[in-house]
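Participant: Let me begin by handing over the structure; questions about it come next.
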Amino acid sequence: MSAAFLFALVGVGLFSLGLYALIVHAHLLRKILAINVMGSGVFLVLVALAKRTGESQPDAVPHALVITGIVVAVSATALALTLMLKLTAETGRAELPEDQGK
Amino acid sequence: MNEDIYGIFLLIVVGPLLLAIPALHSRVPWPRHLAIIPALLLIVFPGDASLAMPWFLFGTGFAVDGEVRWILVMSVAVWLTAATVAKSSRRNPAYDRATPFFLLTLAGNLGAVLATDLVGFFSFSTLMGYGFYGLVVHAGDAEARRAGRLYLIFLIVADLALFEALLLAALTTGGNLQYVVVRQAMAGTSSSQLYLWMALAGFALKAGIWPVHLWLSTTFKSAPLSTTLLLGGVPVAMGLLGAVRWLPFGEIAFYVLGMVIMVMGVAAILYAVLMFFMHAPLTMFPVWGTVAVTGLSVMALGTGLAHPAVWRQYEYLTYPFIASLGMFLAALTFAIGRLQDKRQAPEVDLQRVEVLSPWGEGGMGVIERWAEDRLLILRSLWRDLRLKAVEQYQRIFDWGKPAVFIWGWSATITMFVFLGLVFAWLAG
Amino acid sequence: MNWDAWIPLLVIASSLLPGLIIFFLAEDRKRLRTTLNLAGALVKLALVCWMLWGVYHEHHYETRLTLLPDLELVLRAGPLSLLFLTLSTILWLVTTVYAIGYLEDSPHRSRFFGFFSLCVTATVGVALSGNLITFLLFYELLTLSTYPLVVHRGTEVARRAGQSYLVHTIFGGALLLLGTVWLYTLTGTLEFTPRGFLNDLGEEHRPALVIIFALLIAGLGVKAALVPLHGWLPQAMVAPAPVSALLHAVAVVKAGAFGIVRVIYDVFGVDFAAGLGVTEPLAWLAATTIIYGSLRALFQDDLKRRLAFSTISQVSYITLGVAIAGPIATIGGVVHLVHQGLMKITLFFCAGNLAETLGIHKVSEMSGVGRRMPWTMTAFTIGAFGMIGAPPVAGFISKWYLGLGALEAGQEWVIFVLAGSSLLNAAYFLPILHRAWFQEPQDAWPEEHHFGNKETAWALLLPPLVTALMALGMGMLASAPFSPLGWAQFISQREFYRP
Amino acid sequence: MGALLSEISWGVVLILLPLAGGIACFLFPRAAKVLGLVSVFAVLLSVSGLGWNIKVNGIYRHAIGGWNAPLGIDLYADGLSLLMLAATALVGFGISVYSADYFEREDAARFWPIWLLLLAALNALFLSADVFNLYVTLELMGLAAVALAALAGGRDALGGAMRYLLASLLGSLAYLFGVALLYHGFGSMDIAMLAVRVEASPAVWAALGLMSVGLLLKTALFPLHFWLPPAHASAPAPVSALLSALVVKGSFYILLRLWLEIFGPLGGGVDTLFGLLGTGAILWGSLQALRQTRLKLLVAYSTVAQIGYFFISFPLAASAGVTAWSAAAYLVLSHALAKAAMFLATGNVLRFGGHDRIADLDRVVQRLPLTACAFALAGVSIMGLPPSGGFVGKWLLLQAALTQDRWDLVSVIILGGVLAAGYVFKVIGHAFTLADISHESREVPAKMEWAALLLAFGAILLGFLASPVLSLVGIGVPFGVSEVSP
Amino acid sequence: MEALTLLHWTFDILLGLGLLWLGWRVLTSPDLFNAIVLFVAFGLLMALAWVRLDAPDIALAEAAIGAGLTGALLLAAFAKLRTVEKNHDIAGQLEKGKLENRSFQWWPATFLLVVAAGLGHTVLSLPHYATGLSAEVSANLKSSGVSNPVTAVLLNFRGYDTLLEMVVLLLALLGVWSISGSALPREAAPGPILDTLSRLLTPVLILVAAYLLWVGAHAPGGAFQAGAVLGAAGVLLLLSGWRLSSHLAGLPLRIILVAGPVAFVAMAVFTMLTGGQFLEYPRAEAGTLILFLETAATLSIGTTLAALFLGERPKNKREYP
């Protein structure tokens, strides 16, 4: 057990937590937060496990990937928030219209 | 020789058929007589002739020889008479409608007489049969329709039986259906008995042989004279002709069937005599006459089947006999029909005059109508005078309308049972 | 350049192209449309005649296009193909003339004729198919192109009829597809081969082959209207008369029947099929259909419905003929393909004439119509007698060979079926004839149109007369060298029973 | 000419071209339409170039930045990629032509750049050989798709888009988790390298689970399809066409690629599960489509059903690999064409009549014969009737199923076809009814009708092109070695 | 050494638990506003975790983007949401939002517990030592033109990813603009404090961004971090009421927005025309070229992030009357 695995486990925990919230909560803002938390979890797994090189210098590649991932996350969040606002303006509720599918 | 007579042969058959089309619109004068002329020429024409028609159906042919000429003479005579009789009641508008059927029937008759093989005979006699139907019902009253229906059922059942026989023959001979070939081939095969049964049943139905004569009596009641005249002679003659030509008489001894047929003939004669005495109206006389005479011929056939030697002895008489029989029956019918017509003519014509003659034969019409009324009274009186008992007896044999129905179906069903039995026998 | 390989394709194109062009024509371009239609039909006829001559002299006309890696789209003109092809081509020509007269001034003519041509294309394709997958392709195309014709009138009844048609045919198509693929996985080929291509298959495949046979026959039986798959046919009667004529006489039901012939003779091989024991049940099924159809026809007052049930009955003669599995019965079945087509199309044309000229749709309205329309009714009468099997109309020839074939094959029971069917045919046709010719007309026809001093328009009158005459001629001249009978014998000799 | 064709690295062109086009559209919104059309057409040409290249030289591989696989990212294209690229270019071009008339002014300025970036994303996706790079393209595709889905505005579209976005993000994250596990387990992100290194271990199974779920979610395989109908049904017609025809295929392609290279050889029962889900999709999707009263929803549910067919291939691939995968590939291709045509036709109906209630289609369809024809032809392919691409696909699928005696799948395939016929004809039936005109109608530009028709015609034409297409797909042997043919 | 390890361990465990707890609070806190604030805190804690994981580049990015900008976006959205919901006159919407779904749902929880256990097991089953690609990275670092391995990967080894990344950003902006429509830029009067603050901070932030960009070549930092800082400056300006003047809101703005991707595309074309592979920099000029790319990227990223924060597309009267 090293810090790598500790944080990787934390990442798994965050991923699961986020998924739980995504499923359970109806409010869109909360869902967006959940997605972000999940993303953090995945990033944590990616980076934490990069520390297993046994040297002081961890594997740089996952780091670069996560930076990329963070930017994706913020882009997606921005889009999601905009959509949420527009949808709320249409329906009055920041929730998915329940009459469709699901 | 053949070349010379070629066209005439064709005309004989095709002539009436072609004439039938303009006859629909009555554009041709004297179409009925016109149609008979080629046949007349053929009788007069000396010598034998034959024509092969391999392109027709499965290949058939026409031929004239001494034997055929007998029948031809009879047919021409009967048809000419019928044409003339019909011509005389020209004012009847049903005339024009009947002419095509008359021509079709004529074509069928002549074709059947001339045909040299089974398929030709079958085809033309079928044509004749349906033509007769037209002739029977063209008057259009309910009685005629009922008669026609009955006739049709018998005709179809008869055709089925003959078709069956044909198939058997074709199977045996491998497709050659010349009379001679078939007669010889059928004499020696296992299916010959089935063939005999089928063919006999078919012709019995077609000719109106007792006990399947019923269509005859009903038809006679309602059909016009020109038709009854034909009905009296032609079908019987053709039925007999068919039987003689199809069946291997003189070459095969089939005692059981022969006896059965003889018994049937006797029964027919007895029945006819009985009916003649109980069923008094004059119109029906030819019916019973026909039944009786055909009974006689049936007896002859049965004898031929049971005792081939006898048949061979008298074989040369067959065609003259058939011809004279037909002629006789036609004459009988005609004679009685004329009598009948004399009595009924005013009834028909008066009404027509009234409708058709706008230029006033008023006085005559009134007188004739008066006479007609009297006649009607007389007739009803006469009817009332008939003994109740006679009617009771009559019912035993002929129940009237329901009987027609029952007879029709029972004959059909019997036919099928019969077929089945024979097949079972064959298979076993 | 081998022109022979192109002719089958040209035959297809000769109706496909006009059809496609017609779709885009404006409604009022009547003359151009008519020209296109007739030109296509005539070109096709010429090509077919050319091939008839060629095939008789052992030429080969074959087009091959790759369809799947190991499967080709094969168009081949063999004797059997040509029989059906000729029938379709001639009847297309006749029906086109009729349809031009019939649909005068009705809406959506471009659409109608477009699909009509497609329908013929599909039929021709069915005829020319050289393997099962090509057959399947055109068979389905036929389904698709006839559907719009069935629902052409656009009424609620028509829509329901179309639905029923689809339910049946799609279902059938699915079974056919399944059978075809299955067969392919077993054999690796689908090429129609004289006397079948299954002979080398091992014993262990027999149960599978029986099921495949059942699947194929069920798929084809829908169009051939085998009981109990016949439900769509009477309903499809709502379509305009030319469509009914085409549907019942040539295209749809015949495609099914033709397919059955193909499956038995060129896929399984008749001896092999008989060895499997599948032909006998099929014969019984066909017999049941024959009797059932006739019985139902007895009780229909609607003329076209009566004819439809008659079709159900009559088409099964073909199936019966091939299922008897003997050389003579086969001739009967195959030749009935043509005979029934001509006779039934005549009847439908006449029914259409009555409806169009006098507004008559029911048998009970037909009293005395023979006097008003003698020519039409003459044609009708010939057709009806043909159906009954009276000589010398073509139907007699079919029945003759069927009966003879049955006796030869030792299947005497078939005779009863034939006899019973003839009786029933008479029972439902003769009353019509009687009524038309011998009963007094009613005071007024339901909806009368006048065409000068003619009984009806020329375009309506000629087609039934032509087809009736052909039916008559084919019966009378059955022994002539190029008669359908002669050709059927030729087929039987060359393809089915060559030693 | 040939030298020039093989000189140019067409794969790179395929990515950069739409990218540049998209940026140009963004910069010059007034010229967006022209720029867009030109770009898409150029992409079409480039795909031909790549096709030529692959046909001549075999597999296409391009090491980006000159760094080779584990460190850098490789572009990779074999027959399968080519098939997807070609489908994208063809369908994309058809939809573009349609969109040129569909979107006007401001809408066009919004649509074109996003669509071109989507095209770039799709091309990049089909060309990528790196699992993380695939993640980025997946995200790119997802965001573009969502942005397009929301284009119509309004409650339904926004709701659908929102749901779609959430599903898409969730799917991406699950996929990314899988990527993390694969990378840390085996030290590479290149698919080919992973294929060599991977061996059965918890990391692989977890990666398989996560990536599958993520990609299935994006592919909308039953029961993860819940987001698809609302999103596809409420978007503008060309967008629905893009989403149904192409976007869904993107994630399916990744799954297929990973399965073929990495997960498939490991065995396990996942293929059976895919088969079951596929079965469920076919049945459920078809039944739902039958129940719909709105045309667009019907078409959308039809997509749900058709996706099921792709997954039927997985259980069949075990012993009839080439046939089953060829079937899947062919179905993907023909579905892309047919479904695009269907949605475009629906768009025409909607524009003409202002509604898409099936029961009231009557004259709408009658007065748009080309559109009706397009719908019908596309329907033929969807139903799997011959001659059409759908038929070829189903034929191969049935063949694969029958050689293995998989009667359950055989019956599902057949039943699916019958049900499809049911819903297609439910619509077509209305082309012939006589109901009165009950609405104001709006002109539909001819280009829009023809675009739909030509796409549908393409789906039909595919029925005749199976041999060349499948031989192209076989370049690089993406489906493994052929089993012995029957 | 022992003590240090123990200290590290304790710290790491506490940090991990803290992350989990904060994550849980973010997702379950009854008040949405609180949740957002907690999320920002969560982001900061994440940054701490990155530092502990020897990932200072990510820590910077997380602090700037994950916590800072995302937080700003969330808060802005929250504020707008409140307005929207007020407009819809559904009183208590937010209150409802607070109270919604407080009950614990067992089925998903159990399911996810199983998933988490499975994933945990998987993670633990991975080899304890794995070098990944670090060997390759260090081997090729010299020829990459930069000495910070993360920057080398981002801009050189996997520069293609970054190119697509820029496109993702652009696409997000396109999406946002497309969805939320356009509005005329309207200057708002800022509060005095904010105004002063922004005036003071903006130049500083720009300087910081430039530094980060420059330093990224050999130390933690780089285009994304610099861009994020630049974006933060933009956000600050926007918050203080500053709006882009309308004649700059058209093409000029868009050019800056696409500068990053365009630079990449240009680079790609250039490298290919000079006979190399796609994005294969000539070894000698690699550093310079990367810097050029990063500059363009930074500009774009910063502007895009700020534009995302603004939401609506700044309207240009000439182009969209």
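Chains as they are written, first to last, in numbering that gives the first Met the number 0: chain D, 0 to 101; chain H, 0 to 427; chain E, 0 to 498; chain X, 0 to 485; chain G, 0 to 320.
A virtual CB, placed ideally from N, CA and C, is assigned to each residue, including glycine.
Could you tell me whether the Cβ of residue 25 of chain D comes closer than 8 Å to any Cβ of chain X?
Facilitator: Not an interface residue.
Participant: Which chain X residues are close to residue 139 of chain G, counting only those with a beta carbon under 8 Å from its beta carbon?
Facilitator: Per Cβ cutoff of 8 Å: 66, 70.
Participant: Within the same chain, show all residues whose beta-carbon is closer than 8 Å to that of residue 15 of chain E, passing over the 5 residues directly before and after it, in chain order.
Facilitator: Closer than 8 Å at the Cβ level, and outside the excluded window around residue 15 of chain E, lie 116, 117, 120.
Participant: In chain X, what lies closer than 8 Å to residue 158 of chain E by C-beta?
Facilitator: The answer, in chain order, is 428, 431, 432.
Participant: Does the distance from the C-beta atom of residue 337 of chain X to that of residue 381 of chain X stay below 8 Å?
Facilitator: It is a contact, given that the beta carbons lie within the stated cut-off.
Participant: So, residue 62 of chain X versus residue 48 of chain X, is the Cβ gap smaller than 8 Å?
Facilitator: Cβ distance not < 8 Å, so residue 62 of chain X and residue 48 of chain X don't count as in contact.
Participant: Three-state secondary structure (DSSP) at residue 177 of chain H?
Facilitator: Three-state result, residue 177 of chain H: strand.
Participant: Please check if any C-beta of chain X sits within less than 8 Å of the C-beta of residue 203 of chain E.
Facilitator: False, the Cβ-Cβ gap to chain X never drops below 8 Å.
Participant: For a test of the three-state rule: what should DSSP assign to residue 61 of chain X, helix, strand or coil?
Facilitator: DSSP places residue 61 of chain X in strand when its eight states are reduced to three.
Participant: Where does residue 75 of chain X sit, in a helix, a strand or coil, going by DSSP?
Facilitator: Note: residue 75 of chain X maps to strand in three-state DSSP.
Participant: I want to verify the contact list: residues of chain H whose CB lies under 9 Å from the CB of residue 517 of chain E, in sequence order.
Facilitator: Given that chain E is displayed from residue 0 to residue 498, the structure contains no residue 517 of chain E and the question cannot be resolved.
Participant: Answer with yes or no whether the minimum CB distance from residue 85 of chain D to chain X is below 8 Å.
Facilitator: Chain X contact via Cβ: present.
Participant: Kindly say whether residue 127 of chain G, judged by its beta-carbon, lies nearer than 8 Å to any beta-carbon of chain D.
Facilitator: Closer than 8 Å: yes.
Participant: Does the region 64-80 of chain X touch the region 480-497 of chain E, meaning 3 or more C-beta pairs lie closer than 8 Å?
Facilitator: No, the region 480-497 of chain E does not touch the region 64-80 of chain X.
Participant: Measure the CB-CB distance between residue 365 of chain G and residue 149 of chain G and report whether it falls below 8 Å.
Facilitator: Outside the shown range of chain G, which is 0 to 320, sits residue 365 of chain G, and nothing can be said about it.
Participant: Going by alpha carbons, who is nearest to residue 108 of chain G out of D:20, D:41, D:66, D:11?
Facilitator: Minimum Cα distance to residue 108 of chain G is reached at D:20.
Participant: In angstroms, rounded to a whole number, what distance separates the CA positions of residue 155 of chain X and residue 92 of chain X?
Facilitator: Taking the straight line joining both Cα atoms gives about 27 Å.
Participant: Cβ of residue 13 of chain D less than 8 Å from any chain G Cβ?
Facilitator: Yes, its Cβ sits closer than 8 Å to a Cβ of chain G.
Participant: Who are the neighbours of residue 162 of chain E on chain X, taking C-beta pairs under 8 Å?
Facilitator: Chain X residues near residue 162 of chain E: 424, 428.
Participant: On a CA-only basis, which of H:114, H:18, H:233, H:238 is nearest residue 63 of chain H? Give me that one, please.
Facilitator: Per the Cα distances, H:114.
Participant: Beta-carbon separation of residue 253 of chain H and residue 174 of chain H under 8 Å?
Facilitator: Cβ atoms of residue 253 of chain H and residue 174 of chain H: not closer than 8 Å.
Participant: Going along the chain, which residues of its own chain have a beta-carbon closer than 6 Å to the beta-carbon of residue 416 of chain X, five neighbours each way excluded?
Facilitator: Answer for residue 416 of chain X: 382, 383, listed in chain order.
Participant: Just curious, the alpha helix (DSSP H) that residue 266 of chain G is in, first and last residue?
Facilitator: Looking at the DSSP string, the run of the alpha helix (DSSP H) that includes residue 266 of chain G is 250-272.
Participant: Given residue 484 of chain E, which residues of its chain have a CB within under 6 Å of its CB, disregarding the five upstream and five downstream residues?
Facilitator: Only 334, 396, 477 meet the Cβ criterion.
Participant: Quick check: is the beta carbon of residue 483 of chain X nearer than 8 Å to any beta carbon in chain D?
Facilitator: Interpretation of residue 483 of chain X is limited by its pLDDT of 42, a score under 50 that renders its predicted location unreliable; no figure is taken from the coordinates.
Participant: Any C-beta of chain D within less than 8 Å: which residues of the region 107-119 of chain G qualify?
Facilitator: Hits within the stretch, in order: 107, 108, 111, 112, 114, 115, 118, 119.
Participant: Of all the CB atoms in chain X, is at least one closer than 8 Å to the CB of residue 104 of chain G?
Facilitator: Cβ-Cβ to chain X under 8 Å: no for residue 104 of chain G.
Participant: Whose C-alpha, out of H:315, H:301, H:230, H:265, is nearest the C-alpha of residue 74 of chain H?
Facilitator: Nearest of H:315, H:301, H:230, H:265 to residue 74 of chain H, Cα basis: H:230.
Participant: If contacts are defined as beta-carbon pairs under 8 Å, then residue 273 of chain X and residue 310 of chain X qualify, I think. What distance do you get, rounded to the angstrom?
Facilitator: Contact flag correct, Cβ pair sits at about 5 Å.
Participant: Just the Cα atoms here: how many angstroms apart are residue 311 of chain G and residue 14 of chain X?
Facilitator: Roughly 29 Å between the two C-alpha positions.
Participant: Could you name the residues of the region 145-167 of chain G whose beta carbon sits closer than 7 Å to any beta carbon of chain X, in the order they occur along the chain?
Facilitator: Taking 7 Å as the Cβ-Cβ cut-off against chain X, the residues of the region 145-167 of chain G that qualify are 155, 156, 157, 158, 159, 160, 163, 164, 166, 167.
Participant: Assuming residue 499 of chain E is part of the alpha helix (DSSP H), what are its boundary residues?
Facilitator: Because chain E in this structure spans residues 0 to 498, residue 499 of chain E falls outside the shown range and cannot be described.
Participant: Answer with buried or exposed for residue 359 of chain H, where buried requires no fewer than 16 other C-beta atoms within 10 angstroms of its C-beta.
Facilitator: Residue placement at residue 359 of chain H cannot be trusted, given a pLDDT of 35 that sits under 50; what the coordinates show is reported in the next sentence. The residue in question, residue 359 of chain H, is exposed, as its Cβ has fewer than 16 Cβ neighbours within 10 Å.
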